[in-house]
Amino acid sequence: MPELPEVETTRRGLERPLRGRHVVRVIVREPRLRWRVPRTLARELAGTRIEAVERRAKYLLLRTNVGTAILHLGMSGSLRVIPATTPAAKHDHVDLVLDNGQCLRLRDPRRFGALLWTRDDPMQHALLRHLGPEPLGRGFHADHLWAATRRRRVAMRDLLLNSRIVSGIGNIYANEALFLAGVRPTRPAGRLTRTECERLVKSIRRILERAIRAGGTTLRDFSNADGLPGYFQQTLQVYGRTGELCRRCGNSIKTARLGNRSAFYCPKCQS
DNA sequence: CTTTTGACCTGACAGC
DNA sequence: TGCTGTCAGGTCAAAA
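For the first sequence, full-length UniProt numbering gives the first residue as 1, with consecutive numbering after it.
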């Protein structure tokens, strides 16, 4: 589910209820996520004070006075702050109980998410160390994309999903940004022109900013920290619209199978 | 090195 | 009402 805009929406919703709060207790009902929740996490996190809620790519970082909890929502994860007395439903795997009677609850039916703990600089953690620039940050620009695409045969859609080149973009926004830039998802990366790289950088920024403003995209089960859906799905131009009409030219939206995942495009608007 | 494939999971949905 | 097959927002590790 969650790509950068959904994770950022979650982060913004968590900041107020979490910052400055103490974690009094940690309940791990199901430790088997993408990686096993460390046995030490409950003990180390209990008693800490949450100083900041940050995001890097699709990771959420809960910075405490002692260390940092690294969270990933995988495909189906969501986080909510609710009264600690709320009965846990199926797939509610972890609670961080706070000092005000509330708790941060992690739900993740598919268990592709992660909850890890480090006392060191989280940016040096093995999962974060090799991440490419933030697409909304200064490190992401046309020069970077140009250099990263040279001599590469991968389809442009797949290059945008490569978190070492640019982080935080998933299948929805890769497809949407490529539509906006007029580039087919199947186009070999090395065949992009300099101008197209410039257009694509702008398109990626625009799409992500719009999606954040809309509170993210809810296709089936994304909800923000207040349990509410996003509404960017109403704005989608190509993703999931196979057979429907292009909002720009009226042509029929097509699907391409790239690897195991669908790519969507308008054959007239994108080349 | 680059690129592809399989793996990890549950749930929703279509079709029989 | 089953049952089976397909698909889903991620991404790592291993194979080619």
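Virtual Cβ for every residue (Gly too), placed ideally from N, Cα, C. Predicted, not measured: the structure shown is a model, and the values here were computed from it.
With a threshold of 8 Å on Cβ separation, who are the neighbours of residue i within its own chain once the five nearest residues in sequence on each side are excluded?
i	result
LEU161	ILE169, GLY170, ASN171, ALA174
LEU159	ALA148, THR149, ARG152, ILE165, ALA189
Taking buried to mean at least 16 other C-beta atoms within 10 Å of its own C-beta, is residue i buried or exposed?
i	result
CYS249	exposed
ASN100	exposed
PRO83	exposed
ARG184	buried
SER271	exposed
TYR265	buried
Tell me which same chain residues have a C-beta within less than 6 Å of the C-beta of residue i, skipping the five on either side of it?
i	result
PRO87	none
GLU54	LEU61
ARG199	ALA181
ARG111	LEU33
ARG119	GLY67
THR186	ALA155, ALA256
Output the distance between the C-alpha atoms of residue i and residue j, rounded to the nearest integer angstrom.
i	j	result
ALA219	ARG241	The question names Ala, but residue 219 is Leu in the sequence shown. Distance between the alpha carbons of LEU219 and ARG241 is about 12 Å.
ALA42	LEU104	13 Å
VAL66	ASP92	26 Å
LEU14	ALA225	6 Å
LEU192	LEU127	29 Å
THR255	GLY20	47 Å
SER252	ASP121	49 Å
TRP35	ARG153	32 Å
LEU96	THR48	11 Å
residue 274	GLY137	One cannot answer for residue 274 here, as it falls past the ends of the chain, which runs 1 to 271.
SER46	LEU18	For clarity, residue 46 is Ala in the given sequence; the question names Ser instead. Spanning the two alpha carbons is a distance of roughly 14 Å.
VAL201	GLU176	12 Å
Go through its chain and collect everything with a Cβ distance to residue i's Cβ below 7 Å, but skip five positions before and after it.
i	result
VAL7	ARG55, LYS58, LEU60, LEU73
ARG205	PRO135, LEU136
GLU30	HIS93
From the DSSP secondary-structure annotation, give me the bridge partner or partners of residue i.
i	result
THR68	ARG63, THR118
residue 293	Here the chain covers residues 1 to 271 and nothing more, so residue 293 does not appear.
(message) Please give me, in chain order, every unbroken run of the alpha helix (DSSP H) with length at least 4 that falls completely inside the stretch 4–66.
(response) 4–18, 41–45
(request) Write down every uninterrupted run of the beta strand (DSSP E) in the stretch 100–143 whose length is 3 residues or greater and which is fully enclosed by it, in chain order. (result) 102–107, 114–118
(request) Kindly provide the ranges of any beta strand (DSSP E) runs that are 3 or more residues long and lie completely inside the stretch 202–265, ordered along the chain. (result) 254–258, 261–265
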